[in-house]
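**Q** Using this note's numbering, the final residue of the sequence shown is 680, and nothing's skipped along the way. Glycine is no exception: its CB is placed at the ideal position from the N, C-alpha and C atoms. Predicted model only: the values in this text are computed from it and were never measured.
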Amino acid sequence: MDFEKRARELVGQMTLEEKASQLRFDAPAIGHLGIPRYHWWNEGLHGVARAGTATMFPQAIGMAAMFDEDMMQEIGAVVGTEARAKYNAYAAQEDRDIYKGLTLWSPNVNIFRDPRWGRGHETFGEDPYLSGRLGVGFIKGVQGDGEYLLAAACAKHFAVHSGPEEKRHEFDARVSQKDLWETYLPAFEACVVEGKVEGVMGAYNRTNGEPCCGSKTLIQDILKNKWKFDGYFVSDCWAIKDFHENHQVTDTAAESAAMALKNGCDINCGNTYLHILSAWEKGLVSEEDITQAAVHAMGTRLRLGLFDRECTYHNIPYETVGCRKHRRLAIKAAEKSMVLLKNDNILPLNRNMKKLAVIGPNADSRWPLIANYHGTAPRYVTVLEGIEALLGEDTRIYYSEGCHTMKEKVERLAALPGDRISEAVTAAREAGIAIVCIGLDERYEGEQQDLGNRFDEAVSMADKPSLAFPNSQRCMLNALIETGIPLVVVNMTGSAMDLKWLAPAESVKAILQAWYPGAEGGIAVAKTLFGENNPSGKLPVTFYRSEDELPPYEDYSMTNRTYRYMEGEALYPFGFGLSYTKYKYGNLTCLPDENGNVLVSVAVKNDGMLYGEEVVQVYVKNLDSPLAVRNHTLCAFARVGLEAGQERTVNVCLPAHAFYVVDQSGKRR
Numbered sequence: 012m013d014f015e016k017r018a019r020e021l022v023g024q025m026t027l028e029e030k031a032s033q034l035r036f037d038a039p040a041i042g043h044l045g046i047p048r049y050h051w052w053n054e055g056l057h058g059v060a061r062a063g064t065a066t067m068f069p070q071a072i073g074m075a076a077m078f079d080e081d082m083m084q085e086i087g088a089v090v091g092t093e094a095r096a097k098y099n100a101y102a103a104q105e106d107r108d109i110y111k112g113l114t115l116w117s118p119n120v121n122i123f124r125d126p127r128w129g130r131g132h133e134t135f136g137e138d139p140y141l142s143g144r145l146g147v148g149f150i151k152g153v154q155g156d157g158e159y160l161l162a163a164a165c166a167k168h169f170a171v172h173s174g175p176e177e178k179r180h181e182f183d184a185r186v187s188q189k190d191l192w193e194t195y196l197p198a199f200e201a202c203v204v205e206g207k208v209e210g211v212m213g214a215y216n217r218t219n220g221e222p223c224c225g226s227k228t229l230i231q232d233i234l235k236n237k238w239k240f241d242g243y244f245v246s247d248c249w250a251i252k253d254f255h256e257n258h259q260v261t262d263t264a265a266e267s268a269a270m271a272l273k274n275g276c277d278i279n280c281g282n283t284y285l286h287i288l289s290a291w292e293k294g295l296v297s298e299e300d301i302t303q304a305a306v307h308a309m310g311t312r313l314r315l316g317l318f319d320r321e322c323t324y325h326n327i328p329y330e331t332v333g334c335r336k337h338r339r340l341a342i343k344a345a346e347k348s349m350v351l352l353k354n355d356n357i358l359p360l361n362r363n364m365k366k367l368a369v370i371g372p373n374a375d376s377r378w379p380l381i382a383n384y385h386g387t388a389p390r391y392v393t394v395l396e397g398i399e400a401l402l403g404e405d406t407r408i409y410y411s412e413g414c415h416t417m418k419e420k421v422e423r424l425a426a427l428p429g430d431r432i433s434e435a436v437t438a439a440r441e442a443g444i445a446i447v448c449i450g451l452d453e454r455y456e457g458e459q460q461d462l463g464n465r466f467d468e469a470v471s472m473a474d475k476p477s478l479a480f481p482n483s484q485r486c487m488l489n490a491l492i493e494t495g496i497p498l499v500v501v502n503m504t505g506s507a508m509d510l511k512w513l514a515p516a517e518s519v520k521a522i523l524q525a526w527y528p529g530a531e532g533g534i535a536v537a538k539t540l541f542g543e544n545n546p547s548g549k550l551p552v553t554f555y556r557s558e559d560e561l562p563p564y565e566d567y568s569m570t571n572r573t574y575r576y577m578e579g580e581a582l583y584p585f586g587f588g589l590s591y592t593k594y595k596y597g598n599l600t601c602l603p604d605e606n607g608n609v610l611v612s613v614a615v616k617n618d619g620m621l622y623g624e625e626v627v628q629v630y631v632k633n634l635d636s637p638l639a640v641r642n643h644t645l646c647a648f649a650r651v652g653l654e655a656g657q658e659r660t661v662n663v664c665l666p667a668h669a670f671y672v673v674d675q676s677g678k679r680r
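The structure is reproduced here in structure tokens:
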């Protein structure tokens, strides 16, 4: 079906004012054409967000730890299906409000270049190849493979965006052409060229002097001309007003609207496009500029089948939303996301233990389950609840909150009680072993607190000031360590933390990185601790030995950043993750073909006693070129499930571009 032709015909029947009205994120109805109103803003980062009930998967950084492109596609399909089911139900009642459309502004494929960035947990980590593969998988799932789109995914934030949050409306990210094409653009390129993503969202900041939502370089030269993107481009919310208010590259709202429109921004999330007609009257934009953007907008709505009765997706029933099948997949994803960082022969725990202490501010809290951009789950299961359900009544469980997540902030809230460290110590001593759940949640690492993401100002943060745990948690942990009682630490954060003081502690027998594991993530944590799930997650980010190693946060050069360029030795490197079994590799072969691709085969054997899933990771390192990345770079990965004693051959194909280097001008060789 020629959707572009239909879009041009439809837009051709509109007046200039009607065309301009369709460039708003809250596009009004056009009665004489039978076009209902449509709200473009919806979210689906790890489940349909902010419009009621939906299945809530682990946060994106947790899904990245799965290293599983196929499961990302399954997850995307669930998100797209639930979005469509909700849209069908709401539209039948003429409810077309915000967060109820089919244009999902996900995934976030920005590079998590610095662990202090508050929004890093929305991404797929620090590696461009991993981010691109997982982004493509998610997009294919969300959009489906039919004649129409199941829902429309949107890759964001284009481009070179990863903090600082508090300065994002005025910040200019300066980046070399080499870093641009070697690190910051590849994931977006994969999403556009291979994933055929329907939407792309611009970033708030400038890149090399140009505001991203009005950048000729990014939108026209790269996205549309080089990559042949033919979907819709949308601004981040109220980003275009930053052109004149904060970036000060224009003087008026009309000039800002004109800069964005002429450079290819079709939809304005915000209100600056209310000045489009004023810009037209002043000769700053032409009617053809307005027409072209309206065609892109209508093309997306047509590809979604919103004007076609025969679109089969209209029949997806509401009963799919938050159904048990989808929730089981979310729990499975959480299980695959668990990364075991340390294990001194204590895990898995014995289910027949008589006593156990479960301690910490994240042990019985819903906050660390859900992360940001979340919906309302049908059911929540905290870590404490998951453990209680798994062990049953024969085990005496001593629970203590131990301390608040961040005492320095909570002290301002007089209604909340003080620390309970003595209680935590008592519980640990009574049980003789303790699971300690520490970390952060979306209130303490996340997006700059705007109107769509606001919490109480007394507790809300964005970027992390450091990699250290809050003092309240360090005090509690030190008190527990001093008891000498064996501790299993469950860290629930969306980013790398300072573990160098915790990892070598003799009484800290195990550390499990659980991320923000989704609404029922407590089930996955419990199953992992007690051996019903063999941990198989791998780190999508580097855990540094010291934040002193990191360059200044506002420096966008990749020098000494991430595993590909770092100069020191990581505490826990990218791709790291332990298992309850052992794997043996052998018979490695590499066979090039006539097109420059290389087929890599390797035999993987489960040399232990338990079933497990191994993530085979392939890296390349150029030993000759001065243009190569400093260390090595991921170029392929594959999951393989193996019974105890089983051996399988894993085959992966390295494309020719896996062996490219990028020169200082940004050209690939």
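#1: Going straight from the alpha carbon of residue 417 to that of residue 480, what length do you get?
#2: Identify every run of the beta strand (DSSP E) within the region 181-260, keeping only runs that are complete inside it and at least 3 residues long; order them along the chain.
#3: Would you kindly work out how many angstroms separate the C-alpha atoms of residue 666 and residue 135, rounded to a whole number?
#4: Below 8 Å between beta carbons: does that hold for residue 574 and residue 625?
#5: Within 10 Å of its beta-carbon, does residue 590 have 16 or more other beta-carbons around it, so buried, or fewer, so exposed?
#6: Kindly indicate which residue of 345, 366, 368 and 360 has the alpha-carbon position closest to the one of residue 392.
#7: Going by CA-CA distance only, name the one from 44, 236 and 112 that's closest to residue 52.
#8: Please say whether residue 496 and residue 440 have beta carbons closer to each other than 8 Å?
#9: For residue 37, list the residues DSSP reports as bridge partners.
#10: Under DSSP, the beta strand (DSSP E) around residue 139 begins and ends at which residues?
#11: On the DSSP letters alone, give me the boundaries of the beta strand (DSSP E) that residue 603 sits inside.
#12: With three or more C-beta pairs closer than 8 Å as the rule, is the region 364-381 touching the region 511-519?
#13: Mapping DSSP to helix, strand and coil, what is residue 13?
#14: On the criterion of 16 or more Cβ atoms from any shown chain inside 10 Å, does residue 400 qualify as buried, or is it exposed?
#15: Based on the DSSP secondary-structure assignment, which residues constitute the bridge partners of residue 311?
#16: In whole angstroms, what is the alpha-carbon distance linking residue 419 and residue 449?
#17: What did DSSP end up calling residue 583 once you bin it into helix, strand or coil?
#18: By how many angstroms is the C-alpha of residue 253 removed from the C-alpha of residue 262?
#19: Would you tell me roughly how many angstroms separate the C-alpha atoms of residue 446 and residue 577, rounded to the nearest one?
#20: Output the boundary residues of the beta strand (DSSP E) element that contains residue 672.
#21: Compare the Cα-Cα distances from residue 406 to each of 388, 386 and 365 and report the closest residue.
#22: CB-CB under 7 Å to residue 30, same chain, minus the five flanking residues each way: which ones, in chain order?
#23: Report the rounded CA-to-CA distance for residue 88 versus residue 156, giving the unit in angstroms.
#24: List, from N- to C-terminal side, the alpha helix (DSSP H) runs of 4 residues or more that fit wholly inside the region 550-580.
#25: With DSSP run on the structure shown, which of helix, strand or coil describes residue 424?
#26: Going by DSSP, which residues form a beta bridge with residue 624?
#27: Is the region 537-552 touching the region 600-616, taking contact as three or more C-beta pairs under 8 Å?
#28: Relative to the alpha-carbon of residue 189, which residue among 639, 651, 643 and 663 has its alpha-carbon at the smallest distance?
#29: In this structure, does DSSP put residue 132 in helix, strand or coil?
#30: Would you call the region 102-111 and the region 162-171 in contact, with 3 or more CB pairs under 8 Å?
#31: DSSP on residue 440, reduced to helix/strand/coil?
#32: Quick one: residues in its chain with C-beta nearer than 7 Å to the C-beta of residue 128, no 5 flanking neighbours on either side, listed in chain order?
#33: Who are the near neighbours of residue 228 in its chain, counting only those whose CB is closer than 7 Å to its CB and skipping five residues on each side?
#34: I need the boundaries of the beta strand (DSSP E) containing residue 111, first residue and last residue.
#35: Using CA atoms only, rank isn't needed, just tell me which of 161, 63, 525 and 79 is closest to residue 627.
#36: Would the region 129-148 count as touching the region 185-205 if we require 3 or more Cβ pairs under 8 Å?
**A** For this structure:
#1: 9 Å
#2: 210-213 and 243-245
#3: 21 Å
#4: Going by beta carbons, residue 574 and residue 625 fall outside the 8 Å limit.
#5: buried
#6: 345
#7: 112
#8: It is a contact, given that the beta carbons lie within the stated cut-off.
#9: 50
#10: From DSSP, residue 139 is part of no beta strand (DSSP E) but of the alpha helix (DSSP H) over 139-154.
#11: 594-603
#12: no
#13: coil
#14: exposed
#15: According to DSSP, residue 311 shares a beta bridge with no other residue.
#16: Note that residue 419 scores a pLDDT of 48, beneath 50, so its modelled location is shaky; the value from the coordinates is reported in the next line. Going from the Cα of residue 419 to the Cα of residue 449 covers about 16 Å.
#17: strand
#18: 11 Å
#19: 33 Å
#20: Run containing residue 672: none; DSSP gives neither H nor E here.
#21: 365
#22: 22, 301, 302 and 305
#23: Each residue's alpha carbon lies about 10 Å from the other.
#24: 573-576
#25: With a pLDDT of 39 at residue 424, under the threshold of 50, the predicted position of this residue should be treated as unreliable, though the coordinate-derived value follows. Looking at residue 424 - three-state DSSP - the assignment turns out to be coil, as it is neither helix nor strand.
#26: Bridge partners of residue 624: 652.
#27: Cβ pair count under 8 Å is below three, so no.
#28: Residue 189 has its Cα closest to that of 639, out of 639, 651, 643 and 663.
#29: helix
#30: no
#31: Annotated three-state conformation of residue 440 is helix, per DSSP.
#32: Around residue 128: 173, 174 and 474.
#33: These residues qualify, in order along the chain: 221.
#34: Note, residue 111: premise wrong, no beta strand (DSSP E); not H, not E.
#35: 79
#36: Flag = yes, the region 129-148 and the region 185-205 touch.
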